[in-house]
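Colleague:
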Amino acid sequence: MISLNNISVSFSGIVLFKDISIVINERDRIGLVGKNGVGKSTLLKIILGFQQPDSGVVIIPDGRKVGYLPQEMVFEGNQTIWSETLKAFAEINTLKKRDLEIQHELTERTDYESDSYSAIIDELGAIHMRLEMIDDGKTEQRAELVLLGLGFNRTDFPRKISEFSGGWQMRVELAKLILMQPDLLLLDEPTNHLDIDSIMWLEDFFKEYPGSIMMISHDRMFLDNITNRTVEIVKGKIYDYSVSYSKFFILRQERVDQQKATFENQQKYINQQERFIERFKAKASKAKQAQSKLKQLDKLERVSIDETDGSKIRFRFPPAPRSGDVVLKARNSRKAYGDSTIFSGVDFDIFRGERIAFVGRNGQGKSTMVKMVVGEEKGEGELAIGHNVEVGYYAQIQEKTLNHESTVEQIIEDAATGDNAKIHKVRALLGAFLFGPDDYEKKVKVLSGGEKSRLALAKLLLKPSNLLILDEPTNHLDISAKETLKEALNSFDGTLIVVSHDREFLQGLTDRTFEFKEGKVKEHIGTIDDFLANYKIQSFREFEGAKEKKQKEAEKAKAKVELQAKAETGLSNQERKEKEKDWKRLKNTMSSLEQKIEEAEQSIAEMEEKMHDPEAAKKNPDMFYAHADVQRKLDELMKQWEEAGEEFSSLSTILER
């Protein structure tokens, strides 16, 4: 059980939290919700110890581990998928390194009677005990299985992380967390940059996760499928509901409605009592009664109504300058990283006023195509912007587009030109995006993901555009902000390209869909609903699962044929081949194990002979540890040999039929 007691935080005199407390129990699934900028991410950082509160304490029992999946991943350097994943075993790697250092040191030392020698022997023993507890000798095998389960191929392991999209980078960090198995997982917008396939995998994993989870997310379905508790932050206070997200909305409204009714009834009662007191306080016969009522009012516990935040961003895109008829043209467009082809043979024309949705799984090239259009990436073939086209671009990761050291006001001032550069215009624009005077001097690096998104949207309005390209624009926006953005886009009179996995956001917004799949881009005429209807499905979840469904149906049909073959011969040809293959593999495995067992037994016998010699034991005191290590390995080898033998015997019986 982890607890936060009377936590208070303020920035530049502005109170973010005031004496809030919360207890996180085992197996809790908590959805942390609230408007952008209310402090959700800050609360996670306080639990982690990344940030200290002004007052209050966070109590994490000894031995409890906390894992953190941040809102945005920015990997730099040359680390590969494999090397980054193995960082999950940092403790094991450190202990093994120290073990080797001590072993090397012991070969050179001769001060066997010294205290320092005894201390280092004790340290070595402690290392071996700890490794025995946390290292099962299969770390690399487990890392491989997790990466494969998250959708990576073995050929991806040696590739640099920087070659992958944000969603795939997020999976690497998630793989590390899975392998570390912390007692509490703190997740800041875990579905950002992920395709629906990944989101479904996450849901299944988090449902069975043995520890506790606290997550920030604006994905209603994701929260509903996982959480059993919702904690809302509103104006420095928290409200705790023991229900999932959708039920929280209902209970919150019922609670506020009930509070309002109780408040109104109490106000009527107070007004009646005050009128009585005012009328009769000077009348001798009623003065005592009036005084009694006054005391009752003083003791009365006043009903309060939970605070709600109804503020929302307000904006419209400026009128779009007229462009040529063809806004964007692709002919035999191709993009590859080394030997890995992202897409090829892409041909399309996008005309003035069209609204295009880019959909598909992560890694299929949606963001890459967008970056090629805006000049951040180079490809092959032709990809040309039309006559008089002015591009407005909203990047998927705002970390890369906003200067961290600039203030909120500087970002807008630097981008503004002409009349827009006047200070009252700059501040009016910031106000429309919910940035008040207290926010002007905040540096970008201290803003939440939602605040950065709002600032990037505000910056986008300063330059008239006739082609808007938005890459996952809803990732960090709260529900209210998403609705406002959609309204503004529906009123925009230019051309729109939007990359999104949010079906609710895309509904009624686009009229053509480009599907990125298996190295190709396929065009579908009509709205996103038309696109889904073509697949006879009702949601992106079903769309992403359609391929798996077809595969399962094919496997089912194949199994039926195999079943018929079994009825006649006992084993299908394919099954017999597989079992014969397994039989040969087990035979080789047993032979290899027998050789290793013989070597281990010989080594133990030699050690035990030396251990009878006091002088030898004195000169080499670590031989007892070595003996224990080899004995443990022998026990494991014997166990493996017995398991392989049982399976080998069973297969032999089957194949002899």
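Going by the working numbering, the first residue of the sequence shown is number 245, and it counts up by one from there.
Glycine included, every Cβ here is placed at the ideal spot set by N, Cα and C.
1) Can you check DSSP and say which residues form a bridge with His-768?
2) Relative to the C-alpha of Asn-193, which residue among Ser-299, Leu-711, Gly-693, Leu-706 is closest?
3) Tell me whether Arg-398 sits in a helix, a strand or coil according to DSSP, three-state version.
4) Are Glu-249 and Gly-307 closer than 8 Å when you measure CB to CB?
5) At what residues does the beta strand (DSSP E) containing Ser-360 begin and finish?
6) What's the C-alpha gap between Ser-254 and Leu-260?
7) Kindly confirm or deny that the stretch 726–739 and the stretch 595–608 touch, where touching means at least three C-beta pairs closer than 8 Å.
8) Rounded C-beta distance between Phe-466 and Gly-604? I'm assuming under 8 Å.
9) Between Phe-520 and the rest of its own chain, which residues show a CB-CB distance below 7 Å, the 5 nearest in sequence each way excluded?
10) Just mark Asp-448 as buried or exposed, buried being the case when its beta carbon has 16 or more other beta carbons within 10 Å.
11) So, using beta-carbon positions, are Ile-987 and Gln-884 closer together than 8 Å?
12) Give me the Cα-Cα distance between Ser-358 and Leu-368, rounded to the nearest whole angstrom.
13) Applying the criterion that 16 or more other CB atoms from any shown protein chain within 10 Å of the CB defines a buried residue, is Ile-667 buried or exposed?
14) Please look up how many angstroms separate the CB atoms of Leu-895 and Lys-840, rounded, as I've assumed it's under 8 Å.
15) Helix, strand or coil for Thr-813, going by three-state DSSP, please let me know.
16) How would you label Thr-813, buried or exposed, when you count the other beta carbons within 10 angstroms and need 16 or more for buried?
17) Just to confirm the assignment, what range does the alpha helix (DSSP H) spanning Ala-659 have?
18) Taking all protein chains shown into account, decide if Ile-258 is buried (16 or more other Cβ within 10 angstroms of its Cβ) or exposed.
19) When you compare only the Cα positions, how much space is there between Ala-505 and Asp-484?
20) With DSSP as the reference, please indicate the residues paired to Ala-628 in a beta bridge.
21) Mapping the DSSP letters down to three states, classify Asn-832 as helix, strand or coil.
22) Can the beta-carbon of Ile-303 be found less than 8 Å from the beta-carbon of Ser-247?
23) With Val-277 and Thr-474 assumed to form a contact (beta carbons below 8 Å), what rounded beta-carbon distance in angstroms separates them?
24) Please classify Ser-709: is it buried, with 16 or more other beta-carbons within 10 angstroms of its beta-carbon, or exposed?
25) Let me check understanding here. Comparing Cα to Cα, which of Leu-288, Met-424, Asn-576 lies closest to Ile-336?
26) Tell me the DSSP secondary structure of Leu-292 in three-state form.
27) What runs of the alpha helix (DSSP H), each 4 residues or longer, lie entirely inside the stretch 482–545?
28) Measure the beta-carbon distance from Leu-733 to Leu-711 and round it to whole angstroms, keeping in mind my assumption that it falls under 8 Å.
29) Can you name the start and end residues of the beta strand (DSSP E) that Asp-591 belongs to?
30) Please state if the CB of Ile-477 and the CB of Val-282 are separated by a distance shorter than 8 Å.
31) What runs of the beta strand (DSSP E), each 3 residues or longer, lie entirely inside the stretch 305–346?
32) Is any heavy atom in the ligand COA found nearer than 7 Å to the beta carbon of Pro-681?
33) Can you look up Phe-892 in the DSSP assignment and give me helix, strand or coil?
34) Would DSSP call Met-245 helix, strand or coil?
35) For Asp-715, which beta-bridge partners are listed by DSSP?
36) To which residues of the same chain is Tyr-637 closer than 7 Å at the C-beta, ignoring the five residues directly before and after it?
Modeller: A quick look at the data gives this:
1) Indexing the sequence shown from 1 puts residue 768 at position 524. Answer is Thr-757.
2) The chain is shown from 245 up to 901; residue 193 falls before or after that span and cannot be answered.
3) The sequence position of residue 398 within the sequence shown is 154, counting from 1. Correct three-state label for Arg-398: helix.
4) Residue numbering aside, residue 249 sits at position 5 when the sequence shown is read from its first letter. Residue numbering aside, residue 307 sits at position 63 when the sequence shown is read from its first letter. Per the sequence presented here, residue 249 reads as Asn, with Glu not at that position. Not in contact: Asn-249 and Gly-307 (Cβ atoms no closer than 8 Å).
5) Mapped onto the sequence shown, residue 360 falls at position 116. It is not in any beta strand (DSSP E) - Ser-360 instead sits in the alpha helix (DSSP H) that spans 359–378.
6) Here residue 254 refers to the residue found at position 10 when the sequence shown is read from its first residue. Here residue 260 refers to the residue found at position 16 when the sequence shown is read from its first residue. C-alpha separation (whole angstroms): 5 Å.
7) yes
8) In the sequence shown, the residue the question calls residue 466 occupies position 222. In the sequence shown, the residue the question calls residue 604 occupies position 360. The Cβ separation is near 19 Å, so there is no contact.
9) Numbered from 1 along the sequence shown, position 276 holds the residue referred to as residue 520. Ala-534, Lys-537, listed in sequence order.
10) Taking the first residue of the sequence shown as position 1, residue 448 is located at position 204. By the neighbour-count rule (16 or more Cβ atoms within 10 Å), Asp-448 is not buried but exposed.
11) Look at the range of the chain in this structure, 245 to 901, and you will see that residue 987 is not part of it.
12) Numbered from 1 along the sequence shown, position 114 holds the residue referred to as residue 358. Numbered from 1 along the sequence shown, position 124 holds the residue referred to as residue 368. Whole-angstrom Cα-Cα distance: 16 Å.
13) Looking up residue 667 in the sequence shown gives position 423. Classification of Ile-667: exposed, given that the 10 Å Cβ count is below 16.
14) Locating residue 895 in the sequence shown gives position 651, where the first residue counts as 1. Locating residue 840 in the sequence shown gives position 596, where the first residue counts as 1. Not a contact, Cβ separation roughly 22 Å.
15) Looking up residue 813 in the sequence shown gives position 569. Because the pLDDT of Thr-813 is 48, which lies under 50, any placement of that residue in the model is unreliable, and the question is left without a value.
16) Reading the sequence shown from its first residue, position 569 is the one you call residue 813. With a pLDDT of only 48 at Thr-813, under 50, the local geometry of the prediction cannot be trusted, and the value read off the model is given with reservation. Burial call: exposed.
17) Looking up residue 659 in the sequence shown gives position 415. Residues 652–659.
18) As a working mapping, residue 258 is identified with position 14 in the sequence shown. Its Cβ having fewer than 16 others within 10 Å, Ile-258 is exposed.
19) Residue mapping note: residue 505 aligns to position 261 of the sequence shown, counting from 1. Residue mapping note: residue 484 aligns to position 240 of the sequence shown, counting from 1. Using only the alpha carbons, I get a separation of about 21 Å.
20) Here residue 628 corresponds to residue number 384 of the sequence shown, with the count starting at 1. Note: Ala-628 sits in a beta bridge opposite Lys-573.
21) Indexing the sequence shown from 1 puts residue 832 at position 588. Residue state, collapsed to three classes: helix.
22) For the purposes of this step, residue 303 is taken as residue 59 along the sequence shown, with counting starting at 1. For the purposes of this step, residue 247 is taken as residue 3 along the sequence shown, with counting starting at 1. In this structure, Ser-247 lies closer than 8 Å to Ile-303 by Cβ.
23) For this step, residue 277 is matched to residue 33 along the sequence shown. For this step, residue 474 is matched to residue 230 along the sequence shown. Yes, Val-277 and Thr-474 are in contact; Cβ-Cβ is about 6 Å, under 8 Å.
24) Numbered from 1 along the sequence shown, position 465 holds the residue referred to as residue 709. Looking at its Cβ environment, which holds 16 or more other Cβ atoms inside 10 Å, Ser-709 is buried.
25) Residue mapping note: residue 336 aligns to position 92 of the sequence shown, counting from 1. When only C-alpha atoms are compared, the closest one is Met-424.
26) What you label residue 292 is simply residue 48 of the sequence shown in a count that begins at 1. In this structure, Leu-292 counts as helix in the three-state DSSP scheme.
27) 489–524, 528–543
28) In the sequence shown, residue 733 corresponds to position 489, counting from 1. In the sequence shown, residue 711 corresponds to position 467, counting from 1. So it is not a contact: roughly 13 Å between Cβ atoms.
29) Walking along the sequence shown from the start, residue 591 turns up at place 347. Taken as a continuous stretch (DSSP letters only), the beta strand (DSSP E) holding Asp-591 covers 584–595.
30) Counting from one through the sequence shown, the residue named residue 282 turns up at place 38. Counting from one through the sequence shown, the residue named residue 477 turns up at place 233. In contact: Val-282 and Ile-477 (Cβ atoms closer than 8 Å).
31) 310–313
32) As presented, the structure is devoid of all ligands, the ligand COA included, so that no description of it is given.
33) Indexing the sequence shown from 1 puts residue 892 at position 648. DSSP places Phe-892 in helix when its eight states are reduced to three.
34) Against the sequence shown, residue 245 aligns to sequence position 1. If DSSP states are grouped into helix, strand and coil, Met-245 belongs with coil.
35) As a first step, residue 715 must be located in the sequence shown, where it is residue number 471. Paired residues: Val-743.
36) Taking the sequence shown and counting its residues from 1, one reaches residue 637 at position 393. If we look at Tyr-637 and ignore the five residues flanking it on each side, its Cβ neighbours are Val-618, Ile-713.
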